[in-house]
Amino acid sequence: MAFNHRGQTLLKPISLRLTGCQKTLIMGPNGAGKSLLMRLAHGLLTPTSGQVRWQGAPPAQAMVFQRPVLLRRSALENLTYVLAINKTPRPELKGVVRKTQAMSALESLA
Numbered sequence: 066m067a068f069n070h071r072g073q074t075l076l077k078p079i080s081l082r083l084t085g086c087q088k089t090l091i092m093g094p095n096g097a098g099k100s101l102l103m104r105l106a107h108g109l110l111t112p113t114s115g116q117v118r119w120q121g122a123p124p125a126q127a128m129v130f131q132r133p134v135l136l137r138r139s140a141l142e143n144l145t146y147v148l149a150i151n152k153t154p155r156p157e158l159k160g161v162v163r164k165t166q167a168m169s170a171l172e173s174l175a
């Protein structure tokens, strides 16, 4: 895959295949494209050419950032916000949030 933005190549064509639960280190100097590669791999950006596949399907949008990106709100409000920006239908929001809270023991923090 490759990625261009405003006519500038930000990530030259790259091919990478990871299998199983192997650990892989991606390292390079500042500006080399490591974070861009992660954004592409997690579906936060779309490659200009090529594709990203995870177990045969496009990746779902997910990423863990180096610094937490949360609103100064309750756990319930943060979960609702993330679901809303991912276009979860409004009638489903509270049900999904409640299920997520129960699964992650966050009910007392809402």
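Take 66 as the starting number for the sequence shown in the numbering used here and just add one per residue.
C-beta atoms are modelled at their ideal positions from N, C-alpha and C, and glycine is treated no differently.
Discussion item. Report the start-end ranges of each alpha helix (DSSP H) in the stretch 82-117 that is 4 residues or longer and not cut off at the edges.
Written reply: 99-106
Worksheet item: residue 142: which of 99, 122, 165 sits nearest, CA to CA?
Response: Counting from one through the sequence shown, the residue named residue 142 turns up at place 77. With distances taken between Cα atoms, residue 142 lies closest to 165.
Discussion item. Using CA atoms only, rank isn't needed, just tell me which of 153, 120, 113, 138 is closest to residue 72.
Written reply: Mapped onto the sequence shown, residue 72 falls at position 7. It is 113 whose Cα lies nearest to the Cα of residue 72.
Worksheet item: Terminal residues of the continuous beta strand (DSSP E) containing residue 148?
Response: Indexing the sequence shown from 1 puts residue 148 at position 83. Premise fails: residue 148 lies in the alpha helix (DSSP H), 140-150, not in any beta strand (DSSP E).
Discussion item. In whole angstroms, give me the CA-to-CA distance for residue 124 and residue 156.
Written reply: Position 59 of the sequence shown, counted from the start, is the residue given in the question as residue 124. Position 91 of the sequence shown, counted from the start, is the residue given in the question as residue 156. Cα to Cα, residue 124 sits roughly 25 Å from residue 156.
Worksheet item: How should residue 145 be labelled, buried or exposed, when 16 other C-beta atoms within 10 angstroms of its C-beta is the threshold for buried?
Response: Your numbering for residue 145 matches position 80 in the sequence shown. That one is buried.
Item to complete: For the beta strand (DSSP E) holding residue 73, just list the boundary residues, first then last.
Response: Your numbering for residue 73 matches position 8 in the sequence shown. Unbroken beta strand (DSSP E) run through residue 73: 73-76.
Practice prompt. Would you list the one or two residues that DSSP bridges to residue 122?
Written response: For the purposes of this step, residue 122 is taken as the residue at position 57 of the sequence shown. Paired residues: 119.
Worksheet item: Going straight from the alpha carbon of residue 99 to that of residue 149, what length do you get?
Response: Within the sequence shown, numbered from 1, the residue matching residue 99 stands at position 34. Within the sequence shown, numbered from 1, the residue matching residue 149 stands at position 84. If I take the Cα positions, the gap works out to 28 Å.
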